[in-house]
Structure formats: C-alpha cells, structure tokens
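One structure is given below, encoded as structure tokens.
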Amino acid sequence: MYTPESIVTAGFYLPRKKRRAVITLTPLIDVVFILLVFFMLASSFLDWRSIPMQTSLPSTNHPKLSDDQPLLVSVSETRTRFNGQVMDVEAMLPLLHQRFAADPEAMVHVKPLGDTSLQAVIAVLDRLQADGISRMTMIRDRAWSDESEEGVHENHSAAEPH
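Count the sequence shown with the working numbering and you get residues 1 to 162, in order.
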C-alpha cells in the first residue's frame with residue numbers, strides 16, 4: 001500500500017515531514033556531575049584562616065625602623081631571628097610583651113628570608129597572634145629572594161615596608 005509520502009508525482013517526491021531531533025539534558029547533567037566530582041577531589045580542604053594585619057605602602061612620612069630597638073622578626077625555614085639574634089618564637093614572646101608594655105603603639109615587622117615558604121611565615125604569625133600580639137606588618141626589601149640568613153640585621157632602616 002502506498003502512502004502519500006512515498007508517492008512520486010511527475011518525477012518528484014512529495015515533501016516529507018522532518019523529524020525533529022529530541023535533545024535531552026541527561027548528557028549535560030552527567031558532564032556537570034563529573035566536573036563537580038573532579039573539582040571536589042582536586043581541591044584541598046585546608047583551614048584557610050586570615051590574619052588581620054596592618055600594611056602600609058611606601059611613603060615619605062612612614063617612620064623608619066629604629067636601629068637601636070626595632071621589633072624585627074626574620075623568618076627562615078630553619079630558624080627565627082628577633083632583632084638579628086637567633087631565637088625561638090617562644091623565647092621572643094616575653095621580649096615582645098615587654099616592648100608592648102613600654103610602647104603600645106609598637107609594631108612587629110615580620111620579614112621572610114630567601115626561599116622561606118609561606119607556611120613557615122604563617123606559623124610564626126599565628127603564634128604571635130595567639131599570644132595577643134596583633135600589631136604586625138610584613139616587610140620586604142628589594143633583594144628579598146637574594147637575601148641570605150647571615151645578612152639579616154645589617155641595615156633595617158633601608159628595608160621597605162609593604
């Protein structure tokens with residue numbers, strides 16, 4: 001039996017009704033789910049805490065670090081220095097508290113040395129903050145990545161606070 005779609009009239013086929021493609025969302029949902037799982041597994045679940053710090057841009061009216069009693073904490077991977085002397089963080093806390101008792105407006109300048117990891121610096125900052133020291137700033141001079149541990153206390157007034 002012939003249907004109207006298959007009848008040939010004068011050498012031409014009658015136009016057929018075009019079938020409309022059905023687009024499903026299932027593959028899209030699958031791809032989104034796979035991406036979600038990938039990024040969940042690829043991300044780290046560390047406790048990202050922020051430490052409130054005062055930072056200052058270089059300016060002409062910025063006070064220079066005092067050469068006689070600066071509060072400079074230099075941090076490297078293996079040791080911590082307070083005003084140029086190798087000292088454990090626990091040993092420097094009483095000295096910092098004495099200085100803050102004498103001058104409440106004092107500022108602790110934390111200076112990472114060489115290739116010090118950020119984790120080592122954050123560990124020192126966390127310990128200082130846990131002991132109630134909140135007036136901290138990070139400093140970095142122009143030769144930060146080229147600086148060695150031995151040349152820490154040579155010229156603190158030349159350091160550029162950031």
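No residue lacks a Cβ here, since even glycine has one placed at the ideal position from N, Cα and C. Only a predicted model underlies this, so the values are computations on that prediction, with no experimental measurement involved.
Here the alpha carbon of residue 84 sits roughly 11 Å from the alpha carbon of residue 75.
Residue 45 and residue 20 have their C-alpha atoms roughly 47 Å apart.
Taking all protein chains in view, the Cβ of residue 39 is surrounded by fewer than 16 other Cβ atoms within 10 Å, so the residue is classified as exposed. According to the DSSP secondary-structure assignment, residue 138 is paired through a beta bridge with 110. For residue 81, the number of other beta carbons within 10 angstroms of its own is at least 16, and it is reported as buried. Contact check for residue 110 and residue 86: beta-carbon distance about 16 Å, past the 8 Å limit, so the pair fails to qualify. Look at residue 19 here: in three-state DSSP terms it is coil, with no helix or strand label. Beta-bridge annotation (DSSP): residue 73 is paired with 82 and 110. Per DSSP, residue 35 is one residue of the alpha helix (DSSP H) stretching across 26 to 42. The Cβ-Cβ distance between residue 100 and residue 106 falls below 7 Å. Here residue 95 carries a helix assignment [DSSP, helix/strand/coil]. Here residue 36 is exposed: its Cβ has fewer than 16 other Cβ atoms, across all protein chains shown, within 10 Å.
Here residue 70 is buried: its Cβ has 16 or more other Cβ atoms, across all protein chains shown, within 10 Å.
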